[in-house]
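Taken in order, the sequence shown gives residues 5 to 137; the numbers are from the numbering used here.
Glycine included, every Cβ here is placed at the ideal spot set by N, Cα and C.
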Amino acid sequence: MKEIYSTTVPLRWGDMDQIGHVNNTVYFRCFEQARVEWIDLLPAAIDNNPAYVVIVHTECSFLKELKAPGTVEIKVFAGEVGRSSLVQRYEMRRTDAPDVLVATGSAKMVWVSPDTGRSTPIPDRFKNTLVVG
């Protein structure tokens, strides 16, 4: 798999649940943050293609408990690429323990035409970043 992006996300006190660990929904929000940042790097003006992304499937494997405060690094990898879809894979690690994998996840993204509301080929601006080389 090709790494296509990496970012850090702070863990906040309010991210914890009544048990005292980071709530499972926060893991998905961290993956979402990395995904949105990657998409924002490649605005529609680059190839004049207004197609947008919808998520059709997402999952997470929770490997280690997280507690706040702290910061996690999310690495984003290009997985399977289809005509109109991309599976992004994620790895999450605390920045103060970078050798410990905390969670893995994925999201299947499908590009949609705003004109038709139907799937459309992946815009060139994204496809060009997915080429392994």
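Euclidean distance between Cα positions of residue i and residue j
| i | j | result |
| --- | --- | --- |
| L70 | K79 | 17 Å |
| E77 | R33 | 13 Å |
| I50 | D128 | 9 Å |
| E95 | G86 | 22 Å |
| Y31 | A55 | 27 Å |
| I59 | V114 | 6 Å |
| A107 | T11 | 15 Å |
| K131 | G121 | 20 Å |
| F66 | G74 | 17 Å |
Close-in-space but distant-in-sequence residues of the same chain around residue i (CB under 8 Å, 5 per side omitted)
| i | result |
| --- | --- |
| N27 | D19, M20 and D21 |
| Y4 | For residue 4 there is no data in the structure shown, the boundaries of the chain being 5 and 137. |
Option nearest residue i by Cα separation, candidates the options
| i | options | result |
| --- | --- | --- |
| L134 | S88, P118 and V104 | S88 |
| S123 | H25, T62 and L90 | L90 |
DSSP beta-bridge partners of residue i
| i | result |
| --- | --- |
| W115 | V57 |
| A102 | Per the sequence shown, residue 102 should be read as Pro rather than Ala. The partner list for P102 (beta bridge, DSSP) is empty, contrary to what the question assumes. |
| G74 | L15 |
| V85 | L90 |
Cβ-Cβ separation, residue j to residue i (assumed contact under 8 Å), whole Å
| i | j | result |
| --- | --- | --- |
| G83 | S117 | Actually they do not touch by this definition, with Cβ atoms about 23 Å apart. |
| A72 | R16 | 6 Å |
Beta-carbon contacts of residue i that lie in its chain and below 6 Å, excluding the five residues immediately before and after
| i | result |
| --- | --- |
| G137 | The predicted model places G137 with a pLDDT of 47, which falls under 50 and marks its position as unreliable, so this point remains unresolved. |
| H61 | K112 |
| V13 | C34, Q37 and V76 |
| P125 | R87 and S88 |
Cβ shell of residue i (< 7 Å), same chain only, five flanking positions each side left out
| i | result |
| --- | --- |
| V104 | K68, R97 and R98 |
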